[in-house]
Amino acid sequence: MVFLQRKRPPPPPPPPSPPNPPPRAPQATRTATPDDASASAAVDDAAALLAEAGCTLLVPPHQPPALPSPLSFARALAAADAALRDRLLAGLAAFAESPARLRQLLLPTSAAHSPSLARALLSVPALQPGLLGLLLDKLPEHFDNVLDGMPLHDDVGRLIVAQFRWLDFLVDADAFVAKLMEVLSVAPPRLKKDIIGSLPEIVGDQCHATVVAALEKLLQEDSEVVVSALDALSDLNLSEQLQEQAVTVAISCIRTVHADQMPHLLRFLLLSATPFNAGRIISQIREQLKFVGTVDPRAARGKKLKGKASANGTDGAILDALRSGLRFKNMLCEAFLKELKSVDNPRDHKVIDVWLIMLIYGNGGALQKSAEKILKSKILQLCIRETLFDQCIRGNTELVKDHFVSYLSVSDFLLACKEEKAREFAAYLFTALFEEFSDTFSRQELIGSLIAHIGSGVSLEVSSALDIMISLTSDKPEELIPLSSHITGILDYLESFHEDNLRKVYEIFCHLALAAGFNTGSGGSSVANELLMVVRKQVSNPDMKYRRMGIIGALRIVSTIADVNASMNCSSSQQPNYDEALELLKMAVNSCKFVMLPLILLYDELAVLLENSSLHSAIVEWVGEHVAEFDTVFLADLDDGELSKKYVCDGIEGELWMNLDGNISPVSQTCLQILPSQFSLLTIIERLGNQGSLGGINAVLGCPLHLPSTKLNAFSTQVATRVDNVSQRARDETAVKLLMRLRNLILLEGLLNAYLKIHPLSLPDLRYVGDHGSTSTSKFNLPKNMGDQNMEGNVSNKRQKGHKDKASLEKSTSDDKFKQSTILDAFKRAGVTISQETNRDSQPSPSGMMSRVMEHETNNPCKFGIVDLMAAPAQLDMQRFKFRTLHATCLSLLNYSEPQDTTVSYNESEMPLYVYLLRELQNKLDNLYPSSKPFFSSSQVKSTQTYCQKSMEEFLNKIQPLFSSLRKHLDGAVSMIKDGSDSCPDNWNSHSASAGNPDIPYVVVLKSSVATSVFKEVLGCYRKLLGIPDLLNQANISVLKELLQTFQP
């Protein structure tokens, strides 16, 4: 009937009306029909029935019917006869044919909160089913009249839906809900959302299954009603089974729902989570959720692309929904962390994983530690990489802004980790956050966090934080200049830094000063002026701790403002002043001229600087002129093979040792403590000026050493390490002399080790070893009755009371402060008495002295016993941190073999040399990656890393060609052990004599000791090489394969 009425043809148009037509009664122009008459009769009948109950139905169209008390009205109708009720429904149906009359039924009867006539009739059980059906039939007739913004009292469709809300009862709920769902399926969008939103107020618990099924079908057909449907499902009191069905329905919508509706969907899912379905919900969210604002990181960096406001707003709402859901339900966080932990393939990790970790981390609580642990594990396993964080950070400034603290906290956590990969990841995060956030507040927070790490005192953490600061200041120095007042906070921690970190600190400030303008002659910048002022004060400070800082800082400044490559990249206003650099260098050298250890440190630092940088020619020329004094200080010419009398040292008998070049060789002189470092600097200058050649100073390789006679050998190692620094390149033309020098070195160290057993004393430092040098550590190696020595070798008699004259002690201390210790001084400290006659008359006699000494040693048994040169020098190793290490290039001598007699097998004559080189290789491996903390670990590791400046990859590339030689020497040692002959001592003696070593009877080389030492050292090197963590890196896989293949049986 309803649809027929909707298809009835429209009446013909009325005739033109006069200008002021009189009011007409409705239907005045229509001809009365039997249907109209029956409808009118039905309306009159219904009006009469309602009038008996106290209600006036027929009122003007703009007024609602007059209704008595709803309670008495319902009671009167309920008591009526069933036939009367049917007549009432028929009359109401006829009355509702007119939209205006239908609207009268739906409007409140009096006040806004009073029920309408339809609402009052629905409270009558006998009338409710019929009236509900009537209203549902009328609802489609008004679909076309639903307009946005129409007030409720004019919207008939919404008025009909309003009658169904909060009914006290439903007589036939199933039939009503089924018909309501049918109408809902064809309703227009606006009315459909209104009906769905009203479902919790309309249906009862017994109809929830029907509603859920209908909504599921509706969501599959129309995704626009997701929000209303989810709100309705949330408000329904569903059973566990229906709740699971509703969750399944919601999960199925994740892929199809519009981005603006995603936050509502996620909120529903998270609120519906239970211990049984939390895992499934999290898993599906991870798999199907896509962020709107995710951009290509390369495009974000290259085009400065930022996420659109709408995208950021949508993603922000999504993150807010996730954050609120995770905050109030820890089981969801646990489910996510468990799910993430089970993902092993890097490709299966998504952007949502990063955001969920950040949300859990930002919520704090007990799960924060779990999130940190899993994130660190994923980073170390290379499952979560920089690209995922790139997609979160790059181009999403507004989105990340609300979570900046979480990102910064995660960066702090990773930077404090011991694992290098975690710290590298932290460096990436700090850099990405700095580049993405240009506002002052964010950058101040980031710089403040880095400075806190720098001041933490944890070595790895401090070093990594400084590396990040170097990266930022080198890439974006102009952007950091406004923050320089914050960065200067690093200077508060200078005293706690070792040399490597000091270099980094000064490099940071040099980058800032260069960007701000380092030309101090024209005013310069406040950063540059402050840096120069600090360095000048440190260099001139008498305290070695501050002078060390000043030396490192001065040379770092010189490397910055005198670097040719850096000056090419500077603008005209930032051009550095080379004169300023030269003056600073001269000031540093002059301040250290009379103090040995600072001068050693200065020379070593300058050598590394010249080797690794391209400095201005004026700087290089001045350094060349300075080191040219080496000839006059350390070298002298022989006169007919003898040394001039003016070089006699306090009357101590001396002779020429280890002369490889005959009478033309110069000989060493005093100031031996700085000889190695100055000679190292000389070789660098020589190579720079001669295209890498050392031909200009090759005479030094074969010259003899002016040492005490064989009965005064205790201090011969003051120059022992000189030959270490000669070995810069193992060339074929000098290899034989280098091997001879190795034999010299083995003998000297063996003798010194033997003397130290009898006369323990602290050896002078030949390199600067930081705060843990000889002054503090050597005390533990000396007998209790020995006095302490300061870094210049002076005597300190603080523990001796009453045995020395105070005046003489003060005079000695003041006079010796700037004087190089002599051999005579050392013997006096050891208690050796030197006669005046000896002081006056002793002269070097190279021709007769050696034979007389050897005869004396033969007739008088040595108190040292047998000295086996192949035994581990335990006494010497305790002070080896003071020695200068061999350059890695010298290890290439392991591949060299002298031409030998075919009757001599296994290269026995060279095996002692290989033992020395293998021990040096083991020391380098221990310093780079110590397996256990040795007694002098802090000083050894620091100084080695400071002086060598080699990374692990560079070192592995250096020693990779030695693997085959290691295997060859191992096989040779095994063959020597199997062979019963004892020809090794004879081979050593013959080659030792050709190297200029004196013949000392109690010094021997035992074959069994040689073979055992080679075998032990090769296997030790192999074990330590396999224990290097970096060997498992992709870049070093080839090195690992070659090492394993070389030692295959």
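Note that this note's numbering has the sequence shown beginning at 3, numbered continuously upward. All C-beta atoms in this analysis are idealised placements derived from N, C-alpha and C, irrespective of residue type, glycine included. As the structure is a computational prediction, the values presented were derived from the model and not from experiment.
Pairwise C-alpha distance: residue j and residue i
i, j, result
"L133", "L124", "7 Å"
"Y1004", "W990", "14 Å"
"D174", "F270", "31 Å"
"L747", "L930", "24 Å"
"R167", "E203", "5 Å"
"G309", "L240", "For G309, the pLDDT reaches just 43, beneath the cut-off of 50, and the residue's location in the model is therefore unreliable, although a value from the coordinates is still provided. Those two C-alpha atoms are separated by around 40 Å."
"L958", "V1041", "7 Å"
"V214", "L267", "16 Å"
"G519", "E532", "13 Å"
"L401", "G315", "8 Å"
"S911", "S992", "9 Å"
"L291", "S440", "30 Å"
"L744", "E374", "53 Å"
"L749", "L919", "14 Å"
"N365", "F406", "13 Å"
"K192", "V227", "Position check: residue 192 holds Arg in this sequence, whereas Lys was assumed. Each residue's Cα considered, the two are about 9 Å apart."
"H761", "N755", "10 Å"
"Q263", "A55", "50 Å"
"L137", "L232", "26 Å"
For residue j and residue i, believed in contact at Cβ under 8 Å, the rounded distance
i, j, result
"V529", "G555", "Between G555 and V529 the Cβ distance is about 14 Å, and since that is not below 8 Å, they are no contact."
"L608", "V597", "Between V597 and L608 the Cβ distance is about 16 Å, and since that is not below 8 Å, they are no contact."
"P265", "I198", "So it is not a contact: roughly 18 Å between Cβ atoms."
"F432", "I470", "5 Å"
"E341", "I284", "5 Å"
"Y916", "V1016", "6 Å"
Chain-order list of residues whose beta-carbon lies under 7 Å from that of residue i (same chain, five-residue window excluded)
i, result
"S2", "Residue 2 falls outside the range modelled here, since the chain spans only 3 to 1051, and no answer is possible."
"G450", "H488"
"S458", "V464"
"E218", "V251"
"S542", "S593"
"V126", "A76, L79 and A80"
"M551", "L496, L504 and Q540"
6 Å Cβ shell around residue i - same chain, five flanking residues per side excluded
i, result
"P479", "H513, L514 and A517"
"S679", "I602, Y605 and D606"
"V834", "At V834 the pLDDT is 40, less than 50, meaning the model places this residue with poor confidence; the figure from the coordinates comes in the next sentence. Hits under 6 Å: none found."
"I253", "Q286"
"Q881", "L765"
"Y508", "G555 and R558"
"Q675", "M598 and P766"
Residue i at chain C interface by Cβ criterion, 8 Å
i, result
"I686", "Structure shown: chain C not included; a single protein chain is present."
Own chain partners of residue i with C-beta closer than 8 Å, once the 5 adjacent residues on each side are dropped
i, result
"L86", "L51"
"Q106", "V61, P63, Q65, P66, P67 and L119"
"Q446", "L485 and H488"
"L328", "L272, L334, C335, F338, L358, L361, I362 and N365"
"V566", "S616, L617 and H618"
C-beta contact flag for residue i and residue j at 8 Å
i, j, result
"V179", "L221", "no"
"L753", "V869", "yes"
"S225", "K195", "no"
"L361", "R325", "yes"
"K1026", "L878", "no"
"R2", "D355", "With the chain running from 3 to 1051 in the structure shown, residue 2 is simply not present."
"R89", "D47", "yes"
"Y580", "A590", "no"
"L169", "A122", "no"
"R689", "S682", "no"
"I687", "V629", "yes"
"G93", "V163", "no"
Scan the segment 381-465 and note each continuous beta strand (DSSP E) run of 3 residues or more that stays entirely inside, going in chain order.
none
What are the start and end residues of each continuous alpha helix (DSSP H) run of 4 or more residues lying completely inside the segment 69-131, in chain order?
72-80, 84-97, 101-108 and 119-124
Enumerated in chain order, which unbroken segments of the alpha helix (DSSP H) with a length of 4 residues or greater are wholly contained in the segment 577-605?
Within the segment 577-605, the complete alpha helix (DSSP H) runs of at least 4 residues are 580-593.
Where in the segment 226-263 do unbroken runs of the alpha helix (DSSP H), each at least 4 residues long, occur, reported from the N-terminal end onward?
Counting whole runs of 4 or more residues, the segment 226-263 contains the alpha helix (DSSP H) stretches 228-237 and 242-254.
Go through the segment 155-210 residue by residue and report every complete run of the beta strand (DSSP E) that reaches 3 residues or more, in order.
none
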